[in-house]
Ligand code: SF4
């Protein structure tokens, strides 16, 4: 198995012309990317080999922007459902209503996006024919199904109270049991709200895509933070400031969590952190940070004014969308360049070999 | 009647160590097959004897009625890759065997010009340039130029890694295929159970179940399985499941004229591969190594494994593939912590001063 490791390839290299199979890779020194002295920090390092520069793994076939939007909506709806349930029991009727509507709208749109992304949409129900703990998409289907059903039911009970419905069937809205049902639905949905927001991070991390897989410990926190920023922001924007205090706090906590976690994703994984800085992903994530920080600033300073809360909430939601798109793009980029597959695996093998040698000198 | 699970052995209770990776001595039993299941089968692809004829590719396309595609997987397109004799390019939904071509050279210390091709110097005897058609050719030259001469072949063998004085160019050819992993990422992540483990230990997609979610595509550490765009579903090598159930060899192995593709029971293939590696090493082929043979590798060993003459990445193979599900427990832990964080943060936002 280790034949030829001492002299990799036995001195052979691709014949003729530009050597497409071996490309130099550059590694930035100093352990950080944000520094100003980028040029000096870049040093040519080890070589890596590939088959004519072709990708090794296949890129996800998931639709863009549908799938990143699905991640965003799932997060916003998940957080909103938890806010809604707690608002029900703390005397904040408007916040409860808005959060429950947000959760239902997000959940239903999620279902539509998820089905639309299938190659065979009419077979959506095949998702529910087995239960597989090893498949985050299977688990996710069993989170999304009850979540969307419960949030939709909760919202539906609310709709019963609206004028036209109440006039047609006047007894229904007055039944205490119906209102109890709504609260029950809100609590039930909230139980699935947290998992709804974070399972999508496992969905992308549990792939061979280097920049997603390597960040598997942090991405759930990025998604959790981003979900709180979005859910808090949206419910805050929709609700009178007097009732929206909890939403503001949730949003600000979310921003802190998201920024801390994404910082580790962007800087903690050597070469596979690179795609988070470069190209489309880098642009999206920089824009995401600007929007998120702007939204957080507005929320903190002017969140108790109507205008401030609407603008702040809109910025936070935008930041969350951009974060999901940036993370998605970074993964796509890392799947297309064989460098991100070969170099970390080579380093892993080298480390293993060094370990073996140190144990048995 | 046994229930055959499409889930990974881990988490199902039949795997005492809850293994998501590592060796599995009986992969079919772990998937729920009764003890009388057939032996695990596989491919041993010995690239040292591959001549790059692509008979395997053609046989596979023919038997499985696979559509035509170009080197980027675009269906019903003819196109040259522009990089080598390889216009197939890669494994895809429509290509389940792919012959890779790599032309390599190396500098050798010689007292003669290094740009000559192997065999060029043999013409320097003052004899006519074409000794085969020339009745005057002496036996030495005939022996050296006749491709039927085994001794000459071994001396000129462009496949070996030997450092002979005239070995300056070599071609590597390798027929790639789905690895039918012991721990298959594609199978682990499939949410519908369309991917399943057969009684032969192979990994197969059920076309009538697949709903085209595409999750298996980025989950495969080798980039094997892919979606057929106009169809919506995913496709990959079945190790000719239909032929196996009728007691036939897979089409590619049947078509291979050099026995580069060997089909058989996995344990027999492994023994054969180990012996072949010994032989090659004994002949001084330093760079020969087995790929996918080691049960302790990241996918628990492959059902289809290879003898390579260079580093795996030269052939477009990942040097140290790991089934992504190995890290799934820690991912779920992080996701649960993240979900708890949301609930906790929201709850604490509701306590305290009302404003
Ligand atoms: S090589 Fe890829 S497609 Fe084949 S069994 Fe392994 S993970 Fe699945």
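Protein chains in written order, with the numbering used here: chain A, 1 to 361; chain B, 362 to 716.
Where is the CB? At the ideal position from N, CA and C, for every residue including glycine.
Bear in mind the structure is a predicted one, so any value in this text is a computation, not a measurement.
Under 8 angstroms between C-beta atoms of residue i and residue j
i                     : j                     : result
residue 653 (chain B) : residue 666 (chain B) : yes
residue 573 (chain B) : residue 383 (chain B) : no
residue 350 (chain A) : residue 299 (chain A) : no
residue 580 (chain B) : residue 554 (chain B) : no
residue 213 (chain A) : residue 205 (chain A) : yes
residue 594 (chain B) : residue 571 (chain B) : yes
residue 333 (chain A) : residue 279 (chain A) : yes
residue 178 (chain A) : residue 160 (chain A) : yes
residue 405 (chain B) : residue 616 (chain B) : no
residue 83 (chain A)  : residue 435 (chain B) : no
residue 211 (chain A) : residue 331 (chain A) : yes
residue 151 (chain A) : residue 189 (chain A) : yes
residue 218 (chain A) : residue 264 (chain A) : yes
residue 696 (chain B) : residue 668 (chain B) : no
residue 457 (chain B) : residue 597 (chain B) : yes
residue 684 (chain B) : residue 542 (chain B) : yes
residue 342 (chain A) : residue 680 (chain B) : yes
Proximity test, residue i beta-carbon vs the ligand SF4 heavy atom, cut-off 7 angstroms
i                     : result
residue 548 (chain B) : yes
residue 545 (chain B) : yes
residue 58 (chain A)  : no
residue 541 (chain B) : yes
residue 421 (chain B) : no
residue 581 (chain B) : yes
residue 597 (chain B) : yes
residue 570 (chain B) : no
residue 564 (chain B) : yes
residue 204 (chain A) : no
residue 360 (chain B) : Summary: the structure shown does not reach residue 360 (chain B), with chain B confined to residues 362 through 716, and so no result is reported for it.
residue 585 (chain B) : yes
Residues near residue i in its chain [Cβ-Cβ closer than 6 angstroms; skip 5 each side]
i                     : result
residue 575 (chain B) : 588
residue 80 (chain A)  : 99, 102, 103, 231, 235
residue 155 (chain A) : 100, 101, 104
residue 162 (chain A) : none
Contacts around residue i, its chain only, beta-carbon distance under 8 angstroms, and the 5 residues preceding and following it disregarded
i                     : result
residue 117 (chain A) : 62, 63, 66, 67, 70
residue 657 (chain B) : 383, 384
residue 128 (chain A) : 141, 142, 145
Sequence-distant residues of the same chain with beta carbon closer than 7 angstroms to residue i, five excluded per side
i                     : result
residue 472 (chain B) : Note that residue 472 (chain B) has pLDDT 46, beneath the 50 cutoff, so the model's placement of it is unreliable and the number below is only indicative. Within the same chain, residue 472 (chain B) has no close Cβ partners at all.
residue 203 (chain A) : 136, 137, 140
residue 325 (chain A) : 65, 68, 284
residue 94 (chain A)  : 239, 240, 243
residue 72 (chain A)  : 230, 320, 321, 324
residue 261 (chain A) : 218, 221, 222, 225
residue 568 (chain B) : 594
Quiz prompt | Residues, ordered as in the chain, of the segment 417-428 of chain B that lie near chain A by beta-carbon distance below 7 angstroms | solution = none
Self-check item: the segment 213-233 of chain A in contact with the segment 70-83 of chain A per 3-pair CB rule at 8 angstroms
Solution: yes
Self-check item: Any 3 or more C-beta pairs closer than 8 angstroms across the segment 288-298 of chain A and the segment 254-264 of chain A
Solution: yes
Quiz item: Of all the residues that make up the segment 252-282 of chain A, which are near chain B by a beta-carbon distance shorter than 8 angstroms?
Solution: 253, 254, 257
Quiz item: Do the segment 187-202 of chain A and the segment 697-705 of chain B touch if we need at least three Cβ pairs shorter than 8 angstroms?
Solution: yes
Exercise. Determine contact between the segment 681-694 of chain B and the segment 443-454 of chain B, defined as no fewer than three beta-carbon pairs at a distance below 8 angstroms.
Key: no
Quiz item: Taking a cut of 8 angstroms between CB atoms, which residues from the segment 556-572 of chain B lie near chain A?
Solution: 570, 571, 572
Self-check item: contact_flag[the segment 99-115 of chain A, the segment 556-566 of chain B] where n(CB pairs < 8 angstroms) is 3 or more
Solution: no
Quiz item: Below 8 angstroms, can you find three or more Cβ-Cβ pairs linking the segment 402-411 of chain B to the segment 622-636 of chain B?
Solution: yes
Quiz item: Which of the residues in the segment 316-345 of chain A, read from start to end, lie with their CB under 9 angstroms from any CB of chain B?
Solution: 331, 335, 338, 341, 342, 344, 345
Exercise. For the segment 95-113 of chain A, enumerate the residues whose C-beta is nearer than 7 angstroms to any C-beta of chain B, in chain order.
Key: none
Quiz item: Okay, do the segment 414-430 of chain B and the segment 603-617 of chain B touch, 3+ Cβ pairs below 8 angstroms being the bar?
Solution: yes
Quiz item: Looking at chain D, which residues of the segment 205-225 of chain A have a Cβ within less than 7 angstroms of any of its Cβ atoms?
Solution: No chain D is part of this structure, whose protein chains are labelled A and B.
Exercise. Quick one: which residues of the segment 528-559 of chain B get their C-beta closer than 7 angstroms to a C-beta of chain A? List them in chain order.
Key: 530, 531, 546, 549, 550, 551, 552, 553, 554
Quiz item: What are the residues of the segment 585-598 of chain B that lie near chain A, defined by any Cβ-Cβ distance shorter than 9 angstroms?
Solution: 585, 586, 587, 588, 589, 590, 592, 593, 594, 595
Exercise. Could you list the residues in the segment 674-685 of chain B with a C-beta less than 9 angstroms from some C-beta on chain A, going in chain order?
Key: 674, 675, 676, 677, 678, 679, 680, 681, 682, 683, 684, 685
Quiz prompt | Residues of the segment 397-413 of chain B with Cβ closer than 7 angstroms to any Cβ of chain A, in chain order | solution = none
Practice problem: For the segment 619-630 of chain B, enumerate the residues whose C-beta is nearer than 8 angstroms to any C-beta of chain A, in chain order. | Solution: none
Quiz item: Relative to chain B, which residues along the segment 112-131 of chain A have a C-beta separation below 7 angstroms, given in chain order?
Solution: 118, 119, 120, 123, 124, 126, 127, 129, 130
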